[in-house]
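K.L.:
Below is the structure I would like to discuss, written out as structure tokens.
Residue numbers (this note's numbering): 7 to 804.
Okay, here's the thing in structure tokens:
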């Protein structure tokens, strides 16, 4: 039925009903009036998509969920995923957003079936995040509906046009039809090319009518339409996405899109939001040979571009304030879409600009600054991050249940559930203006924001999807400042890692040691995360050619040692007595390195960077130590050797991993001497740990009941000086916990954030700060027990 025939029919009905139509219109008549409305606004294409080649980067204005679920094929977006349980694959329009204006808007695209015989639907998802989410957070919406999810305007394989709810938290997969009346369907789609045209029309009382019109691409003739009238303004504010989906719990249709256009004042345009072809750049400066002979290493992380067309990149630089660009290095874009550059003889006494280009092309793809070495500054500030997830739970979870009654109900597309892009966290940390960023590991997790993908044929793209979310979070923080990344267990897609020098890699059991997943994938992870870090002290790979990254470097007149406390660690021996079991933590190579480091850079502050604190300071609900072979209290002899080495170097040790902000003095034999460890809090983690002393520990700090001497289950001695426990006690958690783990999703019950270390050589002390993610440093307090000030022991002469 054409719109004009529908209008005649409903108009006739209206004349029969007469007075019954006033003061309100019937749904059919309201739909008829909306259907008859002429076009209120025109449209223009979104920013250009890649017009040639095949690639998983969809172009600057789009973000696909997931990365492996979409590609761009010669200018056409094609969904690659139509398997069962992969409903609502989405591609977000990053540069477009529905605003809160009572104005007209329009969105249209050409669509068609890649699987003409399969069932499913395609179209537009409107109003994601309800204007309350950062556009990057809204861009993650997929699979399940929930609070602030918006609604879909869709066409299915049978030619039915409809509007479907995507905001039902309790029935997240129902996708309930929303229009009350007034749709005209078209025939089965088959191989036809359809123009979908979505009109958003302002009407009385601040509401909108939404029309979805389907036309034949070639003839231009209208085939059918659907109308949703009287839509509240709140439902038409937020993100815009393209949708391809099979029917619920069925394998089914995959759709393509092209000629995507928008128009009208209801849809805001943000060209500055384009993403790619370079996601970002990270760099480090090693001034061990002096500021005039430094080594610059910089990595450019590309999106999944068409590599045959763009196989290489070049790095150019110039002194800040000058005009002439210098070609610094050229590099192949390698597996993982990384180009790694290394320049020796770098003048670290001057500020520089840099830019990245494709080889033999003039377009600047990404740019930033290399700050001069802050060696002449009075203090060096180090930001300390670790353990960060983009969401409270997996977006593939169709039901959001509380782990414990104390948790709040988390709306799926609210900031309580979607943490990404962690804008408040990064804003607060960046306000301190750190000179160096240290990321101590677990840059992502294998089950966030989506299900496992590590053992699928698309494992590399799945890992890149998670990695890009981390990069997108911190790209501005590290654009103009050096950064150091440590690769930890979750980065190589394992819950626990006993690296064992690469021995026993493969096989299903992490407890057997080694790396459990595809070795090429593991190498790709190190390439992505470590290509920019200082040169390895001894670059000899471990088994299977897995690279090593432990290194020495000097920056800000401070001597640093990076170590890898998982890569050489012995597999757990559950049969031997815990206090006497033997093994390796750092391995003989890194132990030899730290012995050498002790004598390097005399008179400088010394800082050792590692993934996890060397001990197991965690307790159960009674205050007893918890046995955890994943913690670096195991093996105790290897741990004791490692602590003695950093003690001999008079070094401060910075770490993460434990999801528990802590400052502790780690000892070897008795409660004397030792080395100071600062383990930063998790930035956003799902697993919780506690250290509760209940005022029973000897030698506490002031009146803090959770500080004092502690011996962990492996016999390792330490004195806890400060700890940022979760806001709910372990006993309260355990009373109601019914799961096997210690999962908490509600950030209101956790103590998450970042660490900050200031090395003040003039005052000869370190200042350790530990900040909640949502604390404004200009007005709010740190976690209780911080800041902590301690002397720089390594500046004392031998």
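Idealized CB from N, CA, C, for every residue including glycine.
Do residue 114 and residue 60 count as a contact pair if the criterion is CB distance below 8 Å?
P.N.:
Within the chain shown, the letter at position 54 stands for residue 60. Within the chain shown, the letter at position 108 stands for residue 114. In this structure, residue 114 does not lie closer than 8 Å to residue 60 by Cβ.
K.L.:
Closer than 7 Å by C-beta to residue 168: which residues in its own chain qualify, once you throw out the five before and the five after it? Chain order, please.
P.N.:
Walking along the chain shown from the start, residue 168 turns up at place 162. Here the set comprises 160, 183, 185, 189 and 232.
K.L.:
Buried or exposed for residue 225, going by 16 or more other Cβ atoms inside 10 Å?
P.N.:
Numbered from 1 along the chain shown, position 219 holds the residue referred to as residue 225. Result: exposed.
K.L.:
How far does the alpha helix (DSSP H) with residue 525 in it extend, from its first residue to its last?
P.N.:
Start at 1 with the first residue of the chain shown, and residue 525 comes out as number 519. Per DSSP, the unbroken alpha helix (DSSP H) holding residue 525 starts and ends at 525 to 536.
K.L.:
Is DSSP giving residue 321 helix, strand or coil here?
P.N.:
Indexing the chain shown from 1 puts residue 321 at position 315. Of the three classes helix, strand and coil, the one that applies to residue 321 here is strand, per DSSP.
K.L.:
Counting beta carbon pairs with one atom in the region 575 to 582 and one in the region 511 to 520, are three or more of them shorter than 8 Å?
P.N.:
Verdict: yes, contact present.
K.L.:
Kindly indicate which three-state DSSP category residue 471 falls into: helix, strand or coil?
P.N.:
Residue numbering aside, residue 471 sits at position 465 when the chain shown is read from its first letter. Helix at residue 471.
K.L.:
Please determine if the region 292 to 309 and the region 552 to 570 are in contact, where contact requires at least 3 C-beta pairs separated by less than 8 Å.
P.N.:
yes
K.L.:
Could you name the residues of the same chain whose beta carbon sits closer than 8 Å to that of residue 629, not counting the 5 residues immediately before and after it, in chain order?
P.N.:
Stepping through the chain shown from its first residue, residue 629 is reached at position 623. Contacts found: 698, 699, 700 and 702.
K.L.:
Would you check if the distance between the CB atom of residue 525 and the CB atom of residue 550 is smaller than 8 Å?
P.N.:
In the chain shown, residue 525 corresponds to position 519, counting from 1. In the chain shown, residue 550 corresponds to position 544, counting from 1. In this structure, residue 550 lies closer than 8 Å to residue 525 by Cβ.
K.L.:
Which full runs of the alpha helix (DSSP H) of 4+ residues lie inside the region 731 to 787, going along the chain?
P.N.:
736 to 742
K.L.:
Please classify residue 367: does DSSP put it in a helix, a strand, or coil?
P.N.:
For the purposes of this step, residue 367 is identified with residue 361 of the chain shown, where counting begins at 1. Three-state DSSP puts residue 367 in coil, outside helix and strand.
K.L.:
What whole-angstrom Cβ distance do residue 49 and residue 269 have, given they're in contact under 8 Å?
P.N.:
Residue 49 sits at position 43 when you count from the first residue of the chain shown. Residue 269 sits at position 263 when you count from the first residue of the chain shown. Their Cβ separation, rounded to whole angstroms, is 4 Å, which keeps residue 49 and residue 269 in contact under 8 Å.
K.L.:
With a CB to CB cut of under 7 Å and the five nearest residues on each side skipped, what residues in its chain are close to residue 711?
P.N.:
Working through the chain shown from its first residue, we reach residue 711 at position 705. These residues qualify, in order along the chain: 699, 700 and 701.
K.L.:
For residue 801, name the three-state secondary structure that DSSP assigns.
P.N.:
Locating residue 801 in the chain shown gives position 795, counting from the first residue. Residue state, collapsed to three classes: helix.
K.L.:
State buried or exposed for residue 62, treating a residue as buried only when at least 16 other CB atoms are found within 10 Å of its CB.
P.N.:
Numbered from its first residue, the chain shown carries residue 62 at position 56. Here residue 62 is buried, its C-beta having at least 16 other C-beta atoms within 10 Å.
K.L.:
Between residue 279 and chain B, is there a C-beta pair that is closer than 8 Å?
P.N.:
The structure shown has no chain B; it contains just one protein chain.
K.L.:
Distance, Cα to Cα, residue 334 vs residue 321?
P.N.:
Within the chain shown, numbered from 1, the residue matching residue 334 stands at position 328. Within the chain shown, numbered from 1, the residue matching residue 321 stands at position 315. For residue 334 and residue 321, the gap between their C-alpha atoms comes out near 5 Å.
K.L.:
Between the region 239 to 252 and the region 125 to 135, are three or more C-beta pairs nearer than 8 Å?
P.N.:
Enough Cβ pairs lie closer than 8 Å, so yes.
K.L.:
Taking 7 Å as the cut-off, is the CB of residue 141 close to at least one heavy atom of the ligand SAH?
P.N.:
Among the components of this structure there are no ligands whatsoever, and the ligand SAH is therefore not found.
K.L.:
For residue 262 and residue 134, I'd like the C-alpha separation in whole angstroms.
P.N.:
Within the chain shown, numbered from 1, the residue matching residue 262 stands at position 256. Within the chain shown, numbered from 1, the residue matching residue 134 stands at position 128. Each residue's alpha carbon lies about 21 Å from the other.
K.L.:
When you compare each of 227, 568 and 376 to residue 614 by their alpha carbons, which one comes out closest?
P.N.:
Your numbering for residue 614 matches position 608 in the chain shown. With respect to the C-alpha of residue 614, the residue from 227, 568 and 376 having the closest C-alpha is 568.
K.L.:
What does the Cβ neighbour count give for residue 729, buried or exposed, with the cut at 16 atoms within 10 Å?
P.N.:
The sequence position of residue 729 within the chain shown is 723, counting from 1. Result: buried.
K.L.:
Considering only residues of the same chain and omitting the five flanking positions on each side of residue 507, which have a CB-CB separation below 8 Å?
P.N.:
In the chain shown, the residue the question calls residue 507 occupies position 501. Only 548, 549, 573, 574 and 593 meet the Cβ criterion.
K.L.:
Using C-beta distances below 7 Å, list every residue in its chain close to residue 606, excluding the 5 sequence neighbours before and after it, in chain order.
P.N.:
Here residue 606 refers to the residue found at position 600 when the chain shown is read from its first residue. Here the set comprises 558 and 565.
K.L.:
Which runs of the beta strand (DSSP E) at least 3 residues long sit entirely within the region 86 to 131? Give them in chain order.
P.N.:
Taking only runs of at least 3 residues, the beta strand (DSSP E) segments lying wholly in the region 86 to 131 are 95 to 104 and 111 to 119.
K.L.:
Using only the alpha-carbon positions, how far apart do residue 278 and residue 102 sit?
P.N.:
Here residue 278 corresponds to residue number 272 of the chain shown, with the count starting at 1. Here residue 102 corresponds to residue number 96 of the chain shown, with the count starting at 1. Cα to Cα, residue 278 sits roughly 11 Å from residue 102.
K.L.:
From what residue to what residue does the beta strand (DSSP E) around residue 616 run?
P.N.:
Position 610 of the chain shown holds residue 616. Per DSSP, residue 616 belongs to the beta strand (DSSP E) from 612 to 618.
K.L.:
Taking 8 Å as the cut-off, decide whether the C-beta atoms of residue 490 and residue 453 are in contact.
P.N.:
Within the chain shown, residue 490 is the residue found at index 484, counting from 1. Within the chain shown, residue 453 is the residue found at index 447, counting from 1. Residue 453 sits away from residue 490, with the two beta carbons spaced by 8 Å or more.
K.L.:
Out of 195, 198 and 239, which has the shortest C-alpha to C-alpha gap to residue 213?
P.N.:
Your numbering for residue 213 matches position 207 in the chain shown. Checked all of 195, 198 and 239; the closest Cα to residue 213 is 239.
K.L.:
My understanding is that residue 758 touches residue 792, with C-beta atoms under 8 Å, so please give their C-beta distance in whole angstroms.
P.N.:
Stepping through the chain shown from its first residue, residue 758 is reached at position 752. Stepping through the chain shown from its first residue, residue 792 is reached at position 786. Not really, about 14 Å apart at Cβ, beyond 8 Å.
K.L.:
Could you say which of 234, 656, 760 and 312 lies nearest to residue 80 if we only look at CA atoms?
P.N.:
Here residue 80 refers to the residue found at position 74 when the chain shown is read from its first residue. The option with the nearest alpha carbon to residue 80 is 312.
K.L.:
Following the continuous alpha helix (DSSP H) through residue 695, name the residue where it begins and the one where it ends.
P.N.:
As a first step, residue 695 is located in the chain shown; it is residue number 689 there, counting from the start. No alpha helix (DSSP H) contains residue 695, which DSSP labels as neither H nor E.
K.L.:
Rounded to whole angstroms, what's the CA-CA distance from residue 380 to residue 109? Just pull it up for me.
P.N.:
Against the chain shown, residue 380 aligns to sequence position 374. Against the chain shown, residue 109 aligns to sequence position 103. So the alpha carbons of these two residues sit roughly 52 Å apart.
K.L.:
Pick helix, strand or coil for residue 77, following the three-state DSSP scheme.
P.N.:
Sequence index remark: in the chain shown, residue 77 carries index 71 (1-based). Reduced to three states, the DSSP call for residue 77 is strand.
K.L.:
On a Cα-Cα basis, can you pick out the residue from 502, 252, 651 and 678 that is closest to residue 123?
P.N.:
Position 117 of the chain shown, counted from the first residue, corresponds to residue 123. Among 502, 252, 651 and 678, the Cα nearest to that of residue 123 belongs to 252.
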